[in-house]
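J.:
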Amino acid sequence: MYIDTHCHISKEEYSNIDKLIEECNLKNVRKIIISGCELNNIDEAIEISNKYETVYLSLGYHPNEANKITDIDIENLKNKIKKNKKVIAIGEIGLDYYWSKDNKERQKKLFNSMLDLAEECKLPIVIHSRDAFQDTYDILKERNLEGVIHCFSGNLENAKMYTSIGYKLGIGGVLTFKNSKLKDVIKSLDLKHIVTETDSPYLAPEPYRGKQNSPINIPIIAEEIAKQKNIDIKEVERKIENNVKELFQI
Ligand SMILES: [Zn+2]
Numbered sequence: 007m008y009i010d011t012h013c014h015i016s017k018e019e020y021s022n023i024d025k026l027i028e029e030c031n032l033k034n035v036r037k038i039i040i041s042g043c044e045l046n047n048i049d050e051a052i053e054i055s056n057k058y059e060t061v062y063l064s065l066g067y068h069p070n071e072a073n074k075i076t077d078i079d080i081e082n083l084k085n086k087i088k089k090n091k092k093v094i095a096i097g098e099i100g101l102d103y104y105w106s107k108d109n110k111e112r113q114k115k116l117f118n119s120m121l122d123l124a125e126e127c128k129l130p131i132v133i134h135s136r137d138a139f140q141d142t143y144d145i146l147k148e149r150n151l152e153g154v155i156h157c158f159s160g161n162l163e164n165a166k167m168y169t170s171i172g173y174k175l176g177i178g179g180v181l182t183f184k185n186s187k188l189k190d191v192i193k194s195l196d197l198k199h200i201v202t203e204t205d206s207p208y209l210a211p212e213p214y215r216g217k218q219n220s221p222i223n224i225p226i227i228a229e230e231i232a233k234q235k236n237i238d239i240k241e242v243e244r245k246i247e248n249n250v251k252e253l254f255q256i
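First residue of the sequence shown? That's 7 in the working numbering, and the numbers climb one at a time after it.
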C-alpha cells in the first residue's frame, strides 16, 4: 500500500472528503496521516480521523502559532492527545525562520514544550523546519526522540545529519520539480530513511504543480523515488510501508 504521512485535510479545502478517501483507497493509498497544527484546526482534524478508518493524526502546535499559544492551550492539547487513539505522532512542530525571525526564542520555547509532550506521551514527532536547519538539529540532538523531518528540502549533508540521529525524511512533490536538488539527495540515501508525504493541499507534484494537491498523488512521488534510485516501484512501496509501520506503529 501507499501512505501519505503528512497532509492537511479540511472541509474548507476539500468539498467532498468521503469521495477523496474513496479515491485514495482505489489508488491503494490506504493510510493517511493528517496534521492538525493550529489552534483552530485541531478539532476538525480529530473529527475527520474518527470518521475514516484509514485516517490517522499528528497533533502539535506549528511554530507559526508561537506568539499565540498559552500554557492552557498546551494542557488542552495534551488532554486531546491522551483521549484519542488515532493520534500517532506529535506534529507538525519545529522552527520557521522564513515567516518570522523576530520571535526565535518564543518558537524554541514552544518547540521544546512540544518535545516534552512527545516524551511524556511516548510518541514520535513530525518536524517542520524552514530556514532553521542548525537550530532544529541542535535541539533534536539533545533529545532521544524519533520522527520525520517533514517536507525535507536540505542538502545531502543535512540529510545525513538528521538520519544519523534517527530521523526519517518526508519526501513529497518537490522531488518531481524540474531541477530539484532533492533528486541527487535521494539517489544517495538508503530507502530506510525515507517516507512519502504530500503536504496537501500544498506542493502538488508535476504535472499538477501549482494546483490543489491531494493524498491521491502519493503514487506519483513513489514513482519518482523509484526512478531516481533506479529500482522497482514495488520495492519503494514495500519498504516505505515498513518504515511507517516501524515508526508510527500503524
Ligand atoms: Zn504541513
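Heads up, the beta-carbon is just placed ideally off N, CA and C, and yes, glycines get one too.
Using 7 Å as the cut-off, classify the Cβ of Glu98 as near or not near the heavy atoms of ligand 1, replying yes or no.
T.: Within the cutoff, so yes.
J.: Tell me which residues share the same chain as Lys193 and place their Cβ nearer than 8 Å to its Cβ, disregarding the 5 neighbours each side in the sequence.
T.: Closer than 8 Å at Cβ, skipping near neighbours: Gln234 and Lys235.
J.: Quick check: the segment 167-187 against the segment 32-41, are at least 3 beta-carbon pairs closer than 8 Å?
T.: The segment 32-41 vs the segment 167-187: no contact.
J.: Just confirm the distance between the C-beta atoms of Phe183 and Arg215, as a whole number of angstroms; I'd bet it's less than 8 Å.
T.: Right, the Cβ-Cβ distance comes to about 7 Å (below 8 Å), so this counts as a contact.
J.: List the endpoints of the continuous beta strand (DSSP E) containing Ala95.
T.: Where Ala95 is concerned, the enclosing beta strand (DSSP E) stretches over Val93 to Asp102.
J.: Indicate whether the contact test is met: 3 or more Cβ pairs, each with one atom in the segment 125-136 and one in the segment 154-171, closer than 8 Å.
T.: Yes: at least three Cβ pairs fall under 8 Å.
J.: Who are the near neighbours of Ile48 in its chain, counting only those whose CB is closer than 8 Å to its CB and skipping five residues on each side?
T.: Answer for Ile48: Gly42, Leu65, Leu83 and Lys86, listed in chain order.
J.: Restricting to runs no shorter than 3 residues, where is the beta strand (DSSP E) found entirely within the segment 102-154?
T.: Segments of the beta strand (DSSP E) lying fully in the segment 102-154: 131-136.
J.: Give the single residue among Lys189, Asn219, Asn223 and Asp77 whose Cα lies nearest to the Cα of Glu19.
T.: For the residues Lys189, Asn219, Asn223 and Asp77, the minimum Cα distance to Glu19 belongs to Asn219.
J.: Can you look up Asp10 in the DSSP assignment and give me helix, strand or coil?
T.: Asp10: strand per DSSP, three-state reduction.
J.: As a quick exercise: from Ser119, Pro213, Asp190 and Ser106, pick the residue whose alpha carbon is nearest that of Ile145.
T.: Closest by alpha carbon: Ser119.
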